[in-house]
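Novice:
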Amino acid sequence: MKILSVSTATNHLSVALNDGQQVIVEKNEQDERNHSEHLDPLIDEILKDNNLTLKDIDRFAVAIGPGSYTGLRIGITTVKMFASILSKEVVGISTLQALAKGVKEEALVITGLDARNNNYFAAGYLSRDVQQNVIPDGHYNIDVLIKAIQEYVAKNEVKKIVFVGSGLKKQDEKIKSLGIPYEYGTDEQNVIHAGLIGQLAENAIPVDPDKLLPRYLRRTQAEVDWHKKTGKPFEPDSHYVEEV
1 MKILSVSTAT NHLSVALNDG QQVIVEKNEQ DERNHSEHLD PLIDEILKDN
51 NLTLKDIDRF AVAIGPGSYT GLRIGITTVK MFASILSKEV VGISTLQALA
101 KGVKEEALVI TGLDARNNNY FAAGYLSRDV QQNVIPDGHY NIDVLIKAIQ
151 EYVAKNEVKK IVFVGSGLKK QDEKIKSLGI PYEYGTDEQN VIHAGLIGQL
201 AENAIPVDPD KLLPRYLRRT QAEVDWHKKT GKPFEPDSHY VEEV
């Protein structure tokens, strides 16, 4: 199965072509503002280098969040358009799960993206042959995240924790208080790789392109302001958690 995968969730842009679990090619760019300009040329380059067209792709995959609001929309809109026009399969993959996929050793993997003010988009995964999400994807204050880790550790045998993503090293004192051997991810592990998204996508359940939505895990400021102004309830078709 040929899978074309995309991540525009962070300032790291990644595009990959997979043949099932095999990553044929992955191209990455560190580009904070121009994903909309660089995504299509990267896709075109990968296809041309492998003598393929979009019609040859069996399944499209994309990181659906959490992440940058604008960035997520760029990647999701692109693959939705491809899948809809070409009548191809499309799947969305958790950004945090894709980060966890990069850790190969057996450990509790805490994936996090810095959401400022000691808040993180974070989750906990067991890095085994079949990943298990043991701390749900969510928007956590660091103290709440540490408590969630403590509760999991108290009920399960955990020999090691690996922290991957962004902004977690500055919480080293709180992490140290867990009393469990830990380490931080390498530069390579701390970014989202489209090739790993492709591997996760092989066995994921395809969705209708129209139903592929970003998972922000936090309300946008515009939505908060709109709710305060109008008093109307928030729309039900997005995934949110309580503000912290």
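The opening residue of the sequence shown carries number 1 in UniProt numbering; numbering runs sequentially from there.
Don't be surprised by glycine CBs; every beta carbon is placed ideally from N, CA and C.
Bear in mind the structure is a predicted one, so any value in this text is a computation, not a measurement.
Please confirm if the segment 148–168 is in contact with the segment 112–130, defined as three or more CB-CB distances below 8 angstroms between the two stretches.
Specialist: yes
Novice: Spell out a yes or no on whether the segment 118–136 and the segment 80–99 are touching, meaning 3 or more CB-CB pairs, one atom from each, closer than 8 angstroms.
Specialist: yes
Novice: Evaluate Pro66 with the Cβ neighbour count: other Cβ atoms within 10 Å of its Cβ, from every protein chain shown; 16 or more gives buried, anything less gives exposed.
Specialist: buried
Novice: Tell whether a beta-carbon distance below 8 angstroms holds between Val15 and Val62.
Specialist: no
Novice: Provide the residue span of the alpha helix (DSSP H) that contains Ser36, from first to last.
Specialist: From DSSP, the alpha helix (DSSP H) with Ser36 extends over 35–49.
Novice: For Val15, report the span of its beta strand (DSSP E) as first-last.
Specialist: 12–19
Novice: For Asn51, count neighbouring Cβ atoms within 10 angstroms of its own Cβ and tell me buried if that reaches 16, exposed if not.
Specialist: Burial call: exposed.
Novice: Enumerate in chain order the residues of its own chain whose CB-to-CB distance from Val244 is below 8 angstroms, with the five nearest sequence positions on each side excluded.
Specialist: Unreliable positioning characterises Val244 in this predicted model, as indicated by a pLDDT of 35, which lies under 50. A coordinate reading is not provided.
Novice: Exposed or buried, what is Lys80 when buried is set at 16 or more other beta-carbons lying within 10 Å of its beta-carbon?
Specialist: Flag for Lys80 reads buried.
Novice: DSSP beta-bridge partners for His193?
Specialist: None; His193 has no bridge partner.
Novice: Candidates Leu86, Glu45, Leu42: which alpha carbon is nearest Phe60's?
Specialist: Phe60 has its Cα closest to that of Leu86, out of Leu86, Glu45, Leu42.
Novice: Could you name the residues of the same chain whose beta carbon sits closer than 6 angstroms to that of Ala148, not counting the 5 residues immediately before and after it, in chain order?
Specialist: Ile135
Novice: Identify the continuous alpha helix (DSSP H) that holds Glu151 and give its terminal residues.
Specialist: That run of the alpha helix (DSSP H) goes 142–155.
Novice: With a 10 Å radius around its C-beta and 16 neighbouring C-beta atoms as the bar for buried, classify Thr70 as buried or exposed.
Specialist: exposed
Novice: Given that a residue counts as buried once 16 or more other Cβ atoms are within 10 Å of its Cβ, and exposed if not, what is Pro181?
Specialist: exposed
Novice: Under 6 angstroms Cβ to Cβ from Ile43, same chain only, skipping five residues before and after it: list those, please.
Specialist: Val15
Novice: Do you know how far the Cα of Gly102 is from the Cα of Asn11?
Specialist: 18 angstroms
Novice: Which residue marks the beginning of the alpha helix (DSSP H) containing Arg73, and which one marks its end?
Specialist: Segment 69–86, the alpha helix (DSSP H) holding Arg73.
Novice: Could you give the DSSP three-state label for Leu200: helix, strand or coil?
Specialist: If DSSP states are grouped into helix, strand and coil, Leu200 belongs with the helices.
Novice: Would you check if the distance between the CB atom of Leu13 and the CB atom of Glu29 is smaller than 8 angstroms?
Specialist: yes
Novice: Looking at the unbroken beta strand (DSSP E) that takes in Gly27, where does it start and where does it end?
Specialist: Per the sequence shown, the amino acid found at residue 27 is Lys instead of Gly. Taken as a continuous stretch (DSSP letters only), the beta strand (DSSP E) holding Lys27 covers 22–30.
Novice: Per DSSP, which residues does Ser7 bridge with? Please list them.
Specialist: Ser14
Novice: Leaving out five residues on either side along the sequence, give the residues of the same chain with a beta carbon under 6 angstroms from the beta carbon of Asp31.
Specialist: Leu13, His38, listed in sequence order.
Novice: Where Glu45 and Ile64 are concerned, what is the direct C-alpha to C-alpha distance, given to the nearest angstrom?
Specialist: 23 angstroms
Novice: State the DSSP-derived secondary structure class of Leu178, mapped to helix, strand or coil.
Specialist: coil
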